[in-house]
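Note that the protein sequences, when read in sequence, are chains A and B. Each step along the first sequence adds one to the number in UniProt numbering, with nothing skipped, and position 298 is 298. Each step along the second sequence adds one to the number in UniProt numbering, with nothing skipped, and position 71 is 71. No residue lacks a Cβ here, since even glycine has one placed at the ideal position from N, Cα and C. Here's the structure we're looking at; comments come further down.
Protein chains: 2
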Amino acid sequence: MAPKPEITIHDIAKKLNISASTVSRALKDNPLISEATRKKIKKAAIEMGYRPNVMAANLRTRRTNTIGVIVPLINRHFFSSVISGIEDVAYKQGFAVTISQSNDKLEKESTIAHSLFSNRVDGLILSIGMETQSYDHLKLFSERNIPLVFFDRIVEEIPAHKIVVDDFGGAYRATQHLIEQGRKKVAHIGGPLNLQIYAKREAGYRKAISDAGLQINENQILHNSLTRQDGLNAIKSILKTKERPDAIFCANDTTALSAIIHLKERGIKVPEDIAIVGFSNEPFSELVTPSISTIKQPGFEMGQKAAELLIKQIGSKTKPKAYETIMMETELIVRNSSQRK
Amino acid sequence: MAPKPEITIHDIAKKLNISASTVSRALKDNPLISEATRKKIKKAAIEMGYRPNVMAANLRTRRTNTIGVIVPLINRHFFSSVISGIEDVAYKQGFAVTISQSNDKLEKESTIAHSLFSNRVDGLILSIGMETQSYDHLKLFSERNIPLVFFDRIVEEIPAHKIVVDDFGGAYRATQHLIEQGRKKVAHIGGPLNLQIYAKREAGYRKAISDAGLQINENQILHNSLTRQDGLNAIKSILKTKERPDAIFCANDTTALSAIIHLKERGIKVPEDIAIVGFSNEPFSELVTPSISTIKQPGFEMGQKAAELLIKQIGSKTKPKAYETIMMETELIVRNSSQRK
DNA sequence: TTGTAAGCGTTATCAT
DNA sequence: ATGATAACGCTTACAA
């Protein structure tokens with residue numbers, strides 16, 4: 001069966017003996033067009049199976065009504081919550097959303113950014129990858145005044161709206177909670193310090209320790225990429241240090257999970273011997289035994305906020321006078337991995 | 001600061017006193033262009049900060065080098081594995097991938113399909129939502145000969161390549177395993193039967209039961225949308241039936257999880273009193289206590305295969321003579337929720 | 001090896 | 001209220 005031919009506004013125009021511009025206007029509900037012709041045109045469009053060629057329209061209008069989103073990994077509860085929040089407001093405002101994952105690779109992040117730029121997305125929302133330390137691929141957007149909004153893993157130096165959570169406060173609260181449970185020697189499994197979120201989490205941790213008048217054992221502060229394997233290496237390494245800690249604050253739930261599993265295997269009791277707190281409230285944290293105490297981040301709301309700011313910026317043709325950094329509150333969720341018995 | 005102006009091939013041409021077509025050809029590495037001018041042009045392009053306008057090129061070539069992907073939910077390990085598989089082969093072949101989630105809503109699925117069509121994606125890979133029972137939004141693609149590949153949740157009637165797993169075999173194996181553990185009364189929490197995967201899983205379950213000469217209690221076969229809440233309702237309802245089952249085969253891990261949690265709360269022992277097997281091998285299944293026995297599906301490979309078939313089809317201008325249905329093998333993973341003690 | 005010119009399907013400007 | 005025409009930025013016969 002031969003494919004249906006592409007129907008264009010010209011085909012509709014010819015059929016109805018009117019001009020293409022009238023068709024275009026009618027389909028866009030331009031009020032200049034009379035009710036009667038508008039109806040006639042829309043009817044014909046449906047009958048003929050007309051489908052607008054968005055590329056042509058975009059080329060002409062220099063707008064795509066598309067928002068690009070780059071996240072490190074779509075299969076993380078936090079990130080997919082943010083994406084859902086973005087979609088929630090974007091769709092309501094008539095924007096399409098195209099999602100890409102960088103897999104925490106700078107090269108892929110850069111490729112995607114170029115691709116999104118070349119496709120002329122109207123704006124970009126992103127959370128940078130662990131490797132990202134140079135920002136040429138993002139300059140593209142700022143140079144051409146294409147709105148950019150960062151969330152979570154932001155780049156401080158780039159002028160743009162930023163949606164973050166209170167990483168410092170959350171980490172402080174998490175560490176303080178461990179101390180309140182009577183722990184004196186709290187270790188830390190942290191992320192790469194080029195990402196501000198991890199630097200802030202570590203800072204919050206350090207502050208909580210020093211506010212409580214306790215000591216930090218620098219050998220028990222580790223930095224890695226926070227994968228399952230990294231977590232395993234980290235906990236092993238911590239167990240080899242001289243004074244075994246009685247608690248660990250992990251910069252994410254994945255490493256908290258690794259730690260818990262390894263400690264169980266070694267017969268070290270969680271939380272009795274070593275208490276654990278994670279960060280992010282991944283769904284698995286409440287399912288493991290013991291369930292993982294963690295810091296909850298409002299992902300969906302962050303996505304909504306990011307999309308709102310971005311779309312507002314897309315709408316106004318002038319640059320915002322000032323860039324906002326919106327800090328969302330976190331919440332400590334106490335579960336079994338940290339409770340005093 | 002004023003935004004940098006858009007640089008076009010004409011700007012480059014003017015600067016170098018050559019024609020735009022030469023620039024276009026050089027940038028595309030057309031062998032007709034001499035080495036010298038090619039180099040000169042590429043150098044200028046970089047210096048001037050040229051970024052191709054993909055929309056214009058697409059409009060002209062009627063190709064976007066973009067693959068659309070629609071999945072019910074990106075935040076499911078199975079689906080995000082498939083997506084990673086798709087990206088793996090697509091990027092290598094120079095295709096961009098744009099991912100969307102339908103949230104199992106027909107309306108959203110339809111909106112997305114129309115949007116992808118209007119943006120003239122070169123091909124579509126999709127797994128339909130739970131509500132999807134009419135396929136007008138997919139006819140669009142077949143009518144215009146835009147290649148379509150289904151995976152997992154396929155539509156039997158639509159002519160297209162299909163990548164599925166052996167749902168029947170997996171379910172058969174899962175149920176057989178329960179029977180081998182000495183279970184005589186196996187219940188089933190199933191999905192909506194308009195989705196073939198769930199119909200097949202139920203069929204596999206039924207076959208295993210009858211092959212073993214056991215009876216099915218039709219009151220203990222339930223159908224729902226397999227959410228956490230649905231699973232909870234289902235297990236409650238099963239517990240109310242006259243002859244309590246000694247095993248349950250759940251059509252996904254989510255409902256298996258609900259069942260396990262509820263049974264624990266009620267003091268009913270898993271697997272001693274009721275053994276459970278799920279389906280999909282979501283990451284949480286090995287983390288819960290007891291860990292969930294389940295059927296593993298090769299998501300990444302399915303994605304790779306889907307992308308390969310799609311891209312091959314995009315490449316050839318003729319319709320494939322026959323549409324393949326590729327069935328991938330599943331694997332039973334035995335964990336604690338089903339082991340005889 | 002390079003240039004000229006037409007055209008992809010739409011929208012915007014200017015007429016009528 | 002509608003039409004004619006040019007233009008968006010690129011690719012591609014065809015010509016030179």
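Pairwise C-alpha distance: residue j and residue i
i	j	result
A:Asp104	B:Glu180	44 Å
A:Glu109	A:Ser115	10 Å
A:Gln93	A:Ser100	21 Å
B:Glu6	A:His137	17 Å
B:Ile83	B:Ile70	10 Å
B:Ser127	B:Ala171	20 Å
B:Thr227	B:Leu257	10 Å
A:Leu124	B:Asp11	27 Å
B:Gly303	B:Val149	10 Å
B:Gly190	B:Tyr91	36 Å
A:Ala174	A:Asn252	12 Å
B:Lys200	B:Arg153	11 Å
A:Leu263	B:Glu286	17 Å
B:Leu239	B:Gln220	9 Å
A:Ile67	B:Pro147	25 Å
residue 343 of chain A	B:Pro290	Since the first residue shown for chain A is 1 and the last is 341, residue 343 of chain A is missing from the structure and cannot be characterised.
A:Asp230	A:Met130	14 Å
A:Phe78	B:Phe78	17 Å
B:Glu107	A:Asn65	20 Å
A:Ala160	A:Ala307	13 Å
A:Glu265	B:Asp29	58 Å
A:Lys42	A:Leu27	7 Å
A:Ile235	B:Cys250	36 Å
B:Tyr323	A:Ala36	46 Å
A:Asp122	B:Ala56	16 Å
A:Leu222	B:Leu140	54 Å
A:Ser80	A:Leu16	47 Å
B:Val23	B:Lys4	21 Å
A:Phe279	A:Asn217	21 Å
Whole-Å CB distance - residue i paired with residue j, under 8 Å assumed
i	j	result
B:Glu301	B:Gly85	6 Å
B:Arg335	B:Ile292	6 Å
A:Ile9	A:Ala20	5 Å
B:Lys296	B:Ile326	So it is not a contact: roughly 17 Å between Cβ atoms.
A:Asp246	A:Arg183	5 Å
B:Gln196	B:Glu156	6 Å
B:Ile274	B:Ile268	6 Å
Chain-ordered chain B contacts of residue i [CB-CB under 9 Å]
i	result
A:Phe284	Pro283, Phe284, Leu287, Val288
A:Met130	Correct list: empty, because the minimum Cβ distance to chain B is about 17 Å.
Within chain A, the residues that residue i reaches when beta carbons sit closer than 7 Å
i	result
B:Thr98	Thr98
B:Ala322	Per Cβ cutoff of 7 Å: no residues; B:Ala322 is ~15 Å from chain A at best.
B:Pro52	Ser118
B:His161	Correct list: empty, because the minimum Cβ distance to chain A is about 17 Å.
B:Ser115	Ala96
B:Ser80	Ile74, Asn75
B:Lys312	Going along chain A, no residue has its Cβ under 7 Å from B:Lys312, so there is no contact; the nearest lies around 18 Å.
Residue i classed as buried or exposed, judged by whether at least 16 other C-beta atoms fall within 10 angstroms
i	result
A:Pro72	buried
B:Ile46	exposed
A:Ser102	buried
A:Gly315	exposed
B:Pro31	exposed
A:Gln313	buried
A:Lys162	buried
B:Asn75	buried
B:Thr318	exposed
B:Glu282	buried
A:Leu310	buried
B:Glu243	exposed
Chain-ordered chain A contacts of residue i [CB-CB under 8 Å]
i	result
B:Met55	Met55, Asn58, Leu59, Thr64, Asn119, Arg120
Proximal chain A residues relative to residue i, where beta-carbon distance stays under 9 Å
i	result
B:Asn336	Ordered by position in chain A, no residue passes the 9 Å Cβ test against B:Asn336, which lies about 12 Å from the chain.
B:Ile7	In chain order: nothing, as chain A lies at least about 10 Å away.
B:Ile83	Ile74, Asn75, Gln101
Distance cut-off 6 Å: residue i Cβ against heavy atoms of the ligand FAD
i	result
B:Ile261	Of ligands this structure carries none, so the ligand FAD is not represented either.
- alpha helix (DSSP H) runs contained entirely in the stretch 232-310 of chain A, provided each spans 4 or more residues: 253-265
- Note down, one range per segment and in chain order, each alpha helix (DSSP H) of at least 4 residues found wholly within the stretch 158-209 of chain A. 167-180
- Message: Runs of 3 residues minimum, wholly inside the stretch 73-128 of chain A: which ones carry the beta strand (DSSP E) assignment?
- Response: 96-101, 123-126
- Task: Just list the alpha helix (DSSP H) runs in the UniProt domain "HTH lacI-type" (7-61) of chain A, keeping only unbroken ones of 4 residues or longer that don't cross its boundaries, in chain order.
- Result: 9-16, 20-27, 35-48, 54-61
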